[in-house]
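Protein chains in written order, with full-length UniProt numbering: chain A, 1 to 213; chain B, 1 to 213. The beta carbon of each residue, even a glycine, is placed where N, CA and C say it ideally should be. Step one of this worksheet: look at the structure below.
Now the structure itself:
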């Protein structure tokens, strides 16, 4: 259960005084009904509250998630990931920018010859380099990339919702999708098998929402 | 109803031979069960197919969308939009990049003094300028921005799903949220009141999926 502070207060109010209208909740919180609408919608969609027309909101003890929600939670990254847009660390920042344009992606995954995850480079990193004194043609991406172990990753069997949470929490657009393997020294390493982005998440929402219409 | 070609073929197969297992559908399409899984999941979530354990898939004639799906389709942009990250057209591209970093956004909305929508500028536009011969300090964003009428927009009362579709179809990250007004010549113009991005969509999916858990 991950409620915002305001959502927690709404749930408390509904628990203590249901049925209660949106208008009445808004008055108690000193907010407008319009400000509360998204919270009430989300809480009702998630099955925490029940909205009865012309009566008001009820708190749902032991709320059963809807079948759709159960399925939403079962979606796995592996079924919706994109192919990785990957480059080697020795190519120039200039060539990295050109690759971004030709592949039309916002981030590139930097990999070794064996497709092992070494780092990530984003449009933001490259803009920063372009602003500074970095010679884009001469300096390789390996110098300015964000490098392991500072990369947030996902795996094919991770739930889509967990991966989406990572994208939000870390304010990033792209997660490399990896598989772990053990190298000759017994250390854990990561092979890149895809990428998972906010575009994949948006596509999932559009597909769920528009199919069967 | 917006099905991909493969989803259409799946629906046809299920219509003609239900109940049918995922394995059997995969064989008919000469694909693996794993390849079909996301399509089958989405079709089931959207209520087009019904999955009965140990029996198989059925086509649902006149499928009723679930209550959650009905609500999902009712979500409006205005309830989930972010405040606009806006700049004036006369500031330099250099300052635009700095503003992007300080506001941590991928696109800036270019507006007049009256907050009228004039154009958009993205990290991609600025990277392109940085690669070329453009003097970032001297050239204003008004010169390199994408300008009206070539801007894809949304409005507060547009369904979130429609806005998300626009983001996918036009391969963009940000839609300016506008209100129309009529200027002194009787022409329609657009005032910027927010922005709607793939980050907003991702947040909605995370909220729906994780609340009430």
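Does chain B have any CB closer than 9 Å to the CB of residue 109(A)? The sequence position of residue 109(A) within the first chain is 109, counting from 1. No, its Cβ sits nowhere closer than 9 Å to a Cβ of chain B.
In the DSSP assignment, find the unbroken alpha helix (DSSP H) run with residue 77(A) in it and report its ends. Translated into positions along the first chain, residue 77(A) becomes position 77. Run containing residue 77(A): none; DSSP gives neither H nor E here.
Taking 8 Å as the cut-off, is the C-beta of residue 29(A) nearer than that to any heavy atom in the ligand MN? As presented, the structure is devoid of all ligands, the ligand MN included, so that no description of it is given.
contact_flag[the segment 140-147 of chain A, the segment 110-125 of chain A] where n(CB pairs < 8 Å) is 3 or more: By the Cβ test, the segment 140-147 of chain A is in contact with the segment 110-125 of chain A, since at least three Cβ pairs between them sit closer than 8 Å.
Kindly list, in the order they appear in chain B, the residues whose Cβ is closer than 7 Å to that of residue 75(A). Here the question's residue 75(A) lines up with position 75 in the first chain. Within chain B, the residues near residue 75(A) are 41.
Below 7 Å between beta carbons is the criterion; list the residues of the segment 133-156 of chain A that meet it against any residue of chain B, in chain order. none
Please tell me whether residue 257(A) has its Cβ less than 9 Å away from any Cβ of chain B. Outside the shown range of chain A (1 to 213) lies residue 257(A), about which nothing can therefore be said.
Which class does residue 17(A) belong to by DSSP, given the choice of helix, strand or coil? Mapped onto the first chain, residue 17(A) falls at position 17. Assigned with DSSP and collapsed to three states, residue 17(A) falls in helix.
Taking the runs of the beta strand (DSSP E) that are 3 residues or longer, which of them lie wholly in the segment 117-155 of chain A? 117-122
Status (buried if at least 16 other CB within 10 Å, exposed otherwise) for residue 12(B): The residue given as residue 12(B) occupies position 12 in the second chain. Residue 12(B) should be labelled exposed.
List the residues of chain B that residue 6(A) touches, going by C-beta distances under 8 Å, in chain order. To locate residue 6(A), count along the first chain from 1; it is residue 6. Ordered by position in chain B, no residue passes the 8 Å Cβ test against residue 6(A), which lies about 12 Å from the chain.
With 9 Å as the threshold, decide whether the Cβ of residue 1(A) is near any Cβ in chain B. As a position in the first chain, residue 1(A) is number 1, starting the count at 1. Unreliable placement is indicated for residue 1(A), whose pLDDT of 48 sits below 50; no coordinate value is reported for it.
9 Å is my cut-off, CB to CB: does residue 198(B) come that close to chain A? On the second chain, residue 198(B) is found 198 positions in, with the first residue counted as 1. Residue 198(B) counts as touching chain A.
Given this structure, state the Cα-to-Cα distance separating residue 191(B) from residue 127(B), to the nearest angstrom. Translated into positions along the second chain, residue 191(B) becomes position 191. Translated into positions along the second chain, residue 127(B) becomes position 127. Their Cα atoms are separated by approximately 27 Å.
Which listed residue (168(B), 173(B), 178(B)) has its alpha carbon closest to that of residue 153(B): Along the second chain, read from residue 1 onward, the residue named residue 153(B) stands at position 153. Minimum Cα-Cα distance from residue 153(B) among the listed residues 168(B), 173(B), 178(B) corresponds to 178(B).
Residues that residue 109(A) bridges to, as DSSP identifies them: Residue numbering aside, residue 109(A) sits at position 109 when the first chain is read from its first letter. Paired residues: 86(A), 120(A).
Short Cβ contact (9 Å threshold) for residue 65(B) with residue 51(B): As a position in the second chain, residue 65(B) is number 65, starting the count at 1. As a position in the second chain, residue 51(B) is number 51, starting the count at 1. Taking 9 Å as the Cβ cut-off, residue 65(B) and residue 51(B) do not qualify as a contacting pair.
Specify, as a first and last residue, the run of the alpha helix (DSSP H) that residue 201(A) falls within. Against the first chain, residue 201(A) aligns to sequence position 201. Element bounds for residue 201(A): 198-210.
Just to confirm my understanding: we take residue 88(A), look at its own chain, exclude 5 residues before and 5 after, and list those with CB closer than 8 Å. What are they? The sequence position of residue 88(A) within the first chain is 88, counting from 1. Once the five neighbours on either side are set aside, the close Cβ partners of residue 88(A) are 110, 111, 112, 113.
Roughly how many whole angstroms lie between the Cα atoms of residue 60(B) and residue 44(B)? Walking along the second chain from the start, residue 60(B) turns up at place 60. Walking along the second chain from the start, residue 44(B) turns up at place 44. The alpha-carbon atoms of residue 60(B) and residue 44(B) are separated by roughly 10 Å.
Do we get a CB-CB distance below 9 Å when we pair residue 99(A) with the residues of chain B? Here residue 99(A) refers to the residue found at position 99 of the first chain. Not an interface residue.
Closest to residue 125(A) by CA distance: which of 117(B), 101(B), 146(B), 125(B) is it? Walking along the first chain from the start, residue 125(A) turns up at place 125. For the residues 117(B), 101(B), 146(B), 125(B), the minimum Cα distance to residue 125(A) belongs to 101(B).
CA-to-CA distance, residue 147(B) to residue 118(B), given in whole angstroms: For the purposes of this step, residue 118(B) is identified with residue 118 of the second chain, where counting begins at 1. For the purposes of this step, residue 147(B) is identified with residue 147 of the second chain, where counting begins at 1. Rounded to whole angstroms, the separation of the alpha carbons of residue 147(B) and residue 118(B) is 6 Å.
If we ignore side chains and look at the alpha-carbon of each, how far apart do residue 79(B) and residue 175(B) end up? Locating residue 79(B) in the second chain gives position 79, where the first residue counts as 1. Locating residue 175(B) in the second chain gives position 175, where the first residue counts as 1. Between residue 79(B) and residue 175(B), the C-alpha separation is close to 15 Å.
8 Å Cβ cut-off: residues of chain B touching residue 263(A): Since the first residue of chain A shown is 1 and the last is 213, residue 263(A) is not available in this structure.
Contact check, residue 129(A) vs residue 103(A), beta carbons under 9 Å: Position 129 of the first chain holds residue 129(A). Position 103 of the first chain holds residue 103(A). Going by C-beta atoms, residue 129(A) is not nearer than 9 Å to residue 103(A).
Within 10 angstroms of its Cβ, does residue 1(B) collect 16 or more other Cβ (buried), or is it exposed? Mapped onto the second chain, residue 1(B) falls at position 1. Residue confidence for residue 1(B) is low, a pLDDT of 48 falling below 50, so the modelled location carries little weight and cannot support an answer.
Reduced DSSP category for residue 180(A) - H, G, I as helix; E, B as strand; rest coil: Position 180 of the first chain, counted from the first residue, corresponds to residue 180(A). If DSSP states are grouped into helix, strand and coil, residue 180(A) belongs with the strands.
Residue closest to residue 193(A), alpha-carbon to alpha-carbon, out of 90(A), 137(A), 82(A): Your numbering for residue 193(A) matches position 193 in the first chain. Looking at the Cα atoms, 82(A) is the closest of the given residues.
Status (buried if at least 16 other CB within 10 Å, exposed otherwise) for residue 53(A): As a working mapping, residue 53(A) is identified with position 53 in the first chain. Counting Cβ neighbours within 10 Å, residue 53(A) comes out exposed, since fewer than 16 surround it.
On the CB-based measure, 16 or more other CB atoms within 10 Å of its CB, does residue 209(A) come out buried or exposed? Counted from its first residue, the first chain places residue 209(A) at position 209. Answer is buried; the Cβ neighbour count reaches 16.
How would you label residue 138(A), buried or exposed, when you count the other beta carbons within 10 angstroms and need 16 or more for buried? Stepping through the first chain from its first residue, residue 138(A) is reached at position 138. For residue 138(A), the number of other beta carbons within 10 angstroms of its own is below 16, and it is reported as exposed.
Against chain A, does residue 26(B) count as a neighbour if the rule is that its beta carbon must be under 9 Å from one of theirs? Counted from its first residue, the second chain places residue 26(B) at position 26. No, no contact with chain A.
For a cutoff of 9 Å on Cβ pairs, would you count residue 195(B) as touching chain A? In the second chain, the residue the question calls residue 195(B) occupies position 195. Chain A contact via Cβ: absent.
Could you give the distance in angstroms between the alpha-carbon of residue 32(B) and the alpha-carbon of residue 48(B)? Counting from one through the second chain, the residue named residue 32(B) turns up at place 32. Counting from one through the second chain, the residue named residue 48(B) turns up at place 48. Near 21 Å, if we compare the C-alpha coordinates of residue 48(B) and residue 32(B).
Which value, in whole angstroms, describes the spacing of the CA atoms of residue 21(B) and residue 161(A)? The sequence position of residue 21(B) within the second chain is 21, counting from 1. The sequence position of residue 161(A) within the first chain is 161, counting from 1. Those two C-alpha atoms are separated by around 27 Å.
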